[in-house]
Amino acid sequence: MKRFANPRRFLELVKWVQPIAVVIAVTALALGLYTGLVTSPDDYQQGSSVRIMYIHVPAAWMALFIYTSMAAAAFVGLVWKHIVAELYAKAAAPLGAAFTFICLVTGSLWGKPMWGAWWVWDARLTSALILFFLYLGYMALVDAFDDEQKGINAGAFLLLVGVVNIPIIKFSVDWWNTLHQPASLTRFAKPAIDAAMLLPLLSMAVGFTALFTVLVLVRLKTEIARRKLKIRQQGGGA
Amino acid sequence: MNGDYFFYIAAAYGLCFVVLGAMTLLTFVAWKKVRKEPGE
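Protein chains in written order, with this note's numbering: chain A, 1105 to 1342; chain B, 553 to 592.
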């Protein structure tokens, strides 16, 4: 990982990772959309609204994964002054906010016909909403400083404090009596959903992950280029 | 797929497409913009 603290070495890595991620994203999303909308069966309780789960669940996984990765990058950036790690958190934040927004709204679209309500203040929904505010707060905080480095450092502390929300979201359905259902997929047990539904779910999850990879790499390249430009302009003006 | 939940399913997939499409567009527009800056 220390090798990729050097932006030039990191950009060499991006050159071959990015096209592979594009191919995976297109293939997995196409497969997920086809199996999710056309071939997968209706659920015996949810009917065809189960198809919303093929977006809602992967979006939720992405929301949690992206925040966790941002917090890890923030820690690495603060402790080791790893330039690429610092810029990663800034690059990933809007994407994390977008996936959290998709998770919240698709959850409402599923909840209205199923629960009869667009929103309930249960533990999982509330903690997911807090996650969305954390993303927005991080983006606002980083941009609030004239000195970019101070903004990145302040944002890093916010990320590290906010990471306590991640296990709260994950275990909320176990710790509290919530309307939101408990996990159907765990690492240690056989999945509680049929293979015909697992395929679109996992395809969309892989597709979202690959799409996020492509976009965050492009955003990172943009941040690195902006920083280089700024250094050149400051050097030219001195 | 039966028609009972068509609106909700269409809204969910449409939203996903719009949001991720917008993020993709904004990402590549920002990249193109920084590439055009003098000195890049």
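Think of the CB as a built atom: it goes at the ideal place given N, C-alpha and C, for glycine as much as any other residue.
When DSSP builds the beta bridges, which residues end up paired with residue i?
{"i": "D1147 (chain A)", "result": "A:G1151"}
Answer yes or no: does any C-beta atom of chain B fall closer than 9 Å to that of residue i?
{"i": "P1217 (chain A)", "result": "yes"}
{"i": "G1220 (chain A)", "result": "no"}
{"i": "A1314 (chain A)", "result": "no"}
{"i": "T1139 (chain A)", "result": "no"}
{"i": "F1236 (chain A)", "result": "no"}
{"i": "T1326 (chain A)", "result": "yes"}
{"i": "V1322 (chain A)", "result": "yes"}
{"i": "L1191 (chain A)", "result": "no"}
{"i": "H1186 (chain A)", "result": "no"}
{"i": "V1183 (chain A)", "result": "no"}
{"i": "G1241 (chain A)", "result": "no"}
Any idea what DSSP makes of residue i, helix, strand or coil?
{"i": "F1237 (chain A)", "result": "helix"}
{"i": "E589 (chain B)", "result": "coil"}
{"i": "K1185 (chain A)", "result": "coil"}
{"i": "Q1285 (chain A)", "result": "coil"}
{"i": "N1110 (chain A)", "result": "coil"}
{"i": "D1251 (chain A)", "result": "coil"}
{"i": "A1342 (chain A)", "result": "Below a pLDDT of 50, predicted positions are generally treated as unreliable, and A1342 (chain A), at 45, falls in that range; no measurement from the model is reported."}
{"i": "S1231 (chain A)", "result": "helix"}
Could you compute how far the alpha carbon of residue i sits from the alpha carbon of residue j?
{"i": "W1223 (chain A)", "j": "I1156 (chain A)", "result": "16 Å"}
{"i": "A564 (chain B)", "j": "E1190 (chain A)", "result": "33 Å"}
{"i": "L1182 (chain A)", "j": "N1257 (chain A)", "result": "7 Å"}
{"i": "L577 (chain B)", "j": "K1325 (chain A)", "result": "15 Å"}
{"i": "M1166 (chain A)", "j": "F1179 (chain A)", "result": "20 Å"}
{"i": "A1342 (chain A)", "j": "W1214 (chain A)", "result": "With a pLDDT of 45 at A1342 (chain A), under the threshold of 50, the modelled position of this residue cannot be trusted; read the value that follows with caution. Between A1342 (chain A) and W1214 (chain A), the C-alpha separation is close to 58 Å."}
{"i": "R1228 (chain A)", "j": "R1336 (chain A)", "result": "47 Å"}
{"i": "K1332 (chain A)", "j": "L1199 (chain A)", "result": "23 Å"}
{"i": "T1143 (chain A)", "j": "S1212 (chain A)", "result": "24 Å"}
Would you mind working out which of the options sits nearest residue i, comparing C-alpha positions?
{"i": "Y1242 (chain A)", "options": "A:V1188, A:A1260, A:D1250", "result": "A:A1260"}
{"i": "L1208 (chain A)", "options": "A:I1187, A:V1246, A:L1168, A:W1184", "result": "A:L1168"}
{"i": "I1128 (chain A)", "options": "A:Q1337, A:L1315, A:T1139", "result": "A:L1315"}
{"i": "R1113 (chain A)", "options": "A:A1202, A:V1188, A:A1221", "result": "A:V1188"}
{"i": "I1270 (chain A)", "options": "A:M1308, A:A1309, A:T1230", "result": "A:T1230"}
{"i": "L572 (chain B)", "options": "A:L1133, A:V1121, A:W1120", "result": "A:L1133"}
{"i": "V1118 (chain A)", "options": "A:T1317, A:V1268, A:L1135", "result": "A:T1317"}
{"i": "A582 (chain B)", "options": "A:Q1338, A:E1327, A:S1153, A:K1334", "result": "A:E1327"}
So is residue i in contact with chain A if we call contact Cβ pairs under 9 Å?
{"i": "M575 (chain B)", "result": "yes"}
Cβ of residue i versus every heavy atom of the ligand GDP: is any distance shorter than 8 Å?
{"i": "L1115 (chain A)", "result": "This structure lacks the ligand GDP; in fact it carries no ligand of any kind."}
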